[in-house]
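Participant:
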Amino acid sequence: DTLSIYQLAAQGELTLLKENLQKDENLVNKPDKRGFTPLMWASAFGEIETVRCLLELGADPHALADQRESAVSLASTGGYTGIVVLLLEKNVNINSYDWNGGTPILYAVRGNHVKCVETLLARGADLTMEADSGYTPMDLAVALGHKKVQQVIENHILKLFRN
Amino acid sequence: TQLPLYTSPSLPNITLGLPAT
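Heads up: the sequence lines are chains L and G, in that order.
The opening position of the first sequence corresponds to residue -15 in my numbering, with each subsequent residue numbered one higher.
The opening position of the second sequence corresponds to residue 271 in my numbering, with each subsequent residue numbered one higher.
#1: I need the DSSP call for Ser54/L, collapsed to helix, strand or coil.
#2: Assign Thr120/L to buried or exposed, taking buried as 16 or more other Cβ atoms, counted over all protein chains shown, within 10 Å of its Cβ.
#3: Taking only runs of the alpha helix (DSSP H) that begin and end inside the segment 30 to 75 of chain L, which ones reach a length of at least 4 residues, in chain order?
#4: Going along chain G, which residues have a C-beta under 8 Å from Met113/L?
#5: By Cβ distance, which residues of its chain are closer than 6 Å to Ile89/L, with the 5 residues on each side in sequence left out?
#6: Three or more C-beta pairs closer than 8 Å, one from the segment 89 to 100 of chain L and one from the segment 132 to 143 of chain L: is that the case here?
#7: I'd like the ranges of any alpha helix (DSSP H) spanning at least 4 consecutive residues and lying wholly in the segment -10 to 36 of chain L.
#8: Does any CB atom of chain G fall closer than 8 Å to the CB of Tyr64/L?
#9: If you check the beta carbons only, do Trp25/L and Tyr64/L fall under 8 Å apart?
#10: Assign Glu73/L to buried or exposed, taking buried as 16 or more other Cβ atoms, counted over all protein chains shown, within 10 Å of its Cβ.
#11: Give me, in chain order, the residues of the same chain whose beta-carbon lies closer than 8 Å to that of Leu111/L; leave out the 5 immediate sequence neighbours on both sides.
#12: Where does the unbroken alpha helix (DSSP H) through Glu102/L begin, and where does it stop?
#13: How long is the line joining the alpha carbons of Gly19/L and Asn77/L, rounded to whole angstroms?
#14: Any beta carbon of chain G sitting closer than 8 Å to that of Thr61/L?
#15: Quick one, which residues of the segment 8 to 24 of chain L are near chain G if we go by CB-CB under 8 Å, in chain order?
#16: From Val35/L to Glu9/L, what distance separates their C-alpha atoms?
#17: With a threshold of 16 other CB atoms inside 10 Å of the CB of Pro282/G, please say whether the residue is buried or exposed.
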C-alpha cells in the first residue's frame, strides 16, 4: 500500500491507481522528479490497459519529461505497438524528439521492433530525422544488422516512390 | 511481501557502441 502512483502505473495496478487518482484530480498529470508522468511510466512498461484508463482520466499524452522524453518514444522503445497506436490516436507528435535526438521510429528500430516500425511508418513517421550521431532510421537498421526492419523501411520507401 | 520496484523509465542512447557517421 505504499507504492507510488508511478509504481502502480508501471505495474498495471489499475484498481489501486484509480483509488489514488480519485483523491486529487491533479495527480494524473503530476510529474515525478525527472518529469515522468504516470502515463509515461505505464507506456514505458507496456501496461496498455493502464494507458487506456489514464487517457480516459485526462492524462496528457503530449507531456514531455525533463529531457524531452515522451510517452510515444518510451512505448516505441519497448515495441509496445498497441500503446503507440493509442497515443497516435490522441494526435501526439509522431516525430517527437528528445535531447538524444531520438524519435519514436529511431527507438523502435534500435529495439528491432518490426511491427512498431511498420506502424510508425504507416502513420507518417519521418525517415529523414537523424539521431545526434547522424544516424537515420535506415542507417541504424543497417548498422545494427536488423535485416527485417531494414526490409520494412526499404519497402516503405519503394511504396513512396511508386505513389 | 514488498512488490519489486520498477526503475525510472529511460530512453536508451540510440547509437551506443556505433561509430559516428
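In this text, a Cβ means the ideal position worked out from N, Cα and C, and glycines have one as well.
Facilitator: A quick look at the data gives this:
#1: Within the first sequence, numbered from 1, the residue matching residue 54/L stands at position 70. Here Ser54/L sits in strand by DSSP.
#2: Your numbering for residue 120/L matches position 136 in the first sequence. Residue environment for Thr120/L: buried (at least 16 other C-beta atoms within 10 angstroms of its C-beta).
#3: Note on the segment 30 to 75 of chain L: whole alpha helix (DSSP H) runs with a minimum of 4 residues are 32 to 40, 55 to 62, 65 to 72, in chain order.
#4: Counting from 1 along the first sequence, the entry for residue 113/L is found at position 129. Within chain G, no residue comes near Met113/L; the closest Cβ sits about 11 Å away, beyond 8 Å.
#5: Working through the first sequence from its first residue, we reach residue 89/L at position 105. Non-local beta-carbon contacts of Ile89/L in its own chain, meaning distances under 6 Å to residues more than five positions away in sequence, involve Leu104, Ala109, Pro121 in chain order.
#6: The way I'd put it, the segment 89 to 100 of chain L does touch the segment 132 to 143 of chain L; three or more beta-carbon pairs between them come closer than 8 Å.
#7: The segment -10 to 36 of chain L contains these whole alpha helix (DSSP H) runs: -2 to 7, 22 to 28.
#8: The count along the first sequence starts at 1 and reaches residue 64/L at position 80. Not one chain G Cβ lies under 8 Å of Tyr64/L.
#9: By one-based count along the first sequence, residue 25/L stands at place 41. By one-based count along the first sequence, residue 64/L stands at place 80. No, they are not a contact pair.
#10: Position 89 of the first sequence, counted from the start, is the residue given in the question as residue 73/L. Under the 10 Å beta carbon count, Glu73/L is surrounded by fewer than 16 other beta carbons and is classified as exposed.
#11: Taking the first sequence and counting its residues from 1, one reaches residue 111/L at position 127. Annotation for Leu111/L: Ile89, Leu105, Thr120, Pro121, Met122, Ile137, His140, Ile141 place their beta carbon closer than 8 Å to its own, counting only its chain and skipping 5 residues before and after.
#12: Your numbering for residue 102/L matches position 118 in the first sequence. Where Glu102/L is concerned, the enclosing alpha helix (DSSP H) stretches over 98 to 106.
#13: Position 35 of the first sequence holds residue 19/L. Position 93 of the first sequence holds residue 77/L. Gly19/L and Asn77/L: Cα-Cα distance of roughly 18 Å.
#14: The residue you call residue 61/L lines up with position 77 of the first sequence. With 8 Å as the cut-off, Thr61/L counts as an interface residue toward chain G.
#15: So the list reads Asp16, Arg18, Phe20, Met24, given in the order they occur along the chain.
#16: Residue numbering aside, residue 35/L sits at position 51 when the first sequence is read from its first letter. Residue numbering aside, residue 9/L sits at position 25 when the first sequence is read from its first letter. So the alpha carbons of these two residues sit roughly 16 Å apart.
#17: Locating residue 282/G in the second sequence gives position 12, counting from the first residue. When all chains shown are included, Pro282/G counts as exposed.
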